[in-house]
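The sequence shown lines up with residues 0 to 320 when you count with numbering that gives the first Met the number 0.
Quick notes on the structure that follows.
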Amino acid sequence: MHIPPQYIKNLKIPYSFQVTALHDEDMIRQFAVLADGFEDTGDFILDVDIHTYREITSDDEPLLLEEKNLHSLFSLMDGTRYPYFKTQQTAPATMGFSIRGSDGKQLINRHMFHFFESLMRRIAMGQYEHLSKFCDSIIICQDDPGLGFVKQMVESGHLTDLSLEQIVKMTDGIYPNQVIPAYHFCDDWRNLVHDGWYPLWESRIKIIHMDVIRYPPTIDSEQTEKINEFLKKGGGLALGVLPNVDDAFEKPVLDTLRDNLIRIFTDFHKSGVDLELVKNNTMISTQCGLSGASPKLTREIHDLSWEFRTIYMEQIEQLVR
């Protein structure tokens, strides 16, 4: 596999990237293979016996992925020293939601969530120990596209022995203390609320990656207040303001960025979010991963990323003056 290391190293925040076209780098498979009994037969199947359960949950030793499951985690660590480096892994709710037992049932219950939380915590520590030899500051982002579905299971009564609060608290406990925590929620972030509690804004302070193209920040005063408090405490936003597929671009990349930023900042401003706080605590991103983008678009977005900050400041200062 050809990996352009210099192309990644030149970014302000280099990162380990998944090549999703590779069978072994699927976001579920690449981590689940560390559990004995995992089978990949079209569906992801895992039957956990008592020995496997204890092996994962009773040991705190770090677990390191094999190179075939995340090539870039190894190929980029070639002696280069990185001031900042980002890596990612799948959150436990999405692991349990995506894997089934041989009986066909999703592995979402209190005992299995503890299993996946333990597995992913050990993997996070394994990533940290591996990367810390080469990186001064490490960002670990948990990718959690399944949380919205699990939340529905809780609220509908299909999941009775695990609360949303427990899920979020255990997920937050996965990050090693030495890393900068980040979190990606793929669904409508505006609706991630339960009984007046906003997990994104009222849990552990971290960088929140959010799609603001599909889900623009038109929010009520209650959530506005939560976001302002989150930012005051040091939380950060990674705004998904660029599309992640070619067909969504009607204009060149930088023109699209300008248009989307001014629209998003206007929505934030109208909702009452403090743009001075946003200005100092935000980075630019695509909506989600670039696995659906062409190589040409992927390269162009990365090459132009050096201009994003200038455009970002120009657009937000139109509203904060």
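Note that beta-carbon positions come from the ideal geometry of N, C-alpha and C, so glycine has one too.
Rounded straight-line distance, which links the Cα of residue j to that of residue i
i	j	result
residue 178	residue 301	24 Å
residue 77	residue 24	20 Å
residue 161	residue 108	6 Å
residue 100	residue 167	23 Å
residue 261	residue 187	20 Å
residue 157	residue 151	8 Å
residue 216	residue 199	14 Å
residue 234	residue 197	14 Å
residue 48	residue 55	11 Å
residue 123	residue 143	15 Å
residue 148	residue 104	15 Å
Which residues DSSP lists as bridging residue i, in chain order
i	result
residue 143	Paired residues: none, contrary to the question.
residue 99	44 and 105
residue 237	208 and 282
residue 180	139
Cutoff 6 Å; reference residue i; Cβ partners in own chain excluding five residues on either side
i	result
residue 129	63
residue 258	none
residue 297	289
When the options are compared against residue i, the one with the closest alpha-carbon
i	options	result
residue 115	190, 69, 169 and 16	169
residue 243	289, 299 and 256	289
residue 52	118, 86, 157 and 41	118
residue 153	92, 133, 132 and 98	92
residue 239	273, 270, 287 and 252	287
residue 159	112, 145, 136 and 127	112
residue 282	225, 192 and 311	311
residue 131	89, 82 and 307	82
residue 184	40, 250 and 141	141
residue 316	293, 284 and 276	276
Backbone secondary structure at residue i - three-state DSSP
i	result
residue 248	coil
residue 18	coil
residue 210	strand
residue 127	helix
residue 11	coil
residue 132	coil
residue 157	coil
residue 0	Caution is warranted here: a pLDDT of 47 is assigned to residue 0, below 50, making its placement in the model unreliable, and the coordinate value is therefore given only provisionally. Correct three-state label for residue 0: coil.
residue 65	coil
Own chain residues within Cβ distance below 7 Å of residue i, not counting five before or after
i	result
residue 171	202 and 203
Chain-order list of residues whose beta-carbon lies under 8 Å from that of residue i (same chain, five-residue window excluded)
i	result
residue 305	11
residue 60	121
residue 248	242, 255 and 296
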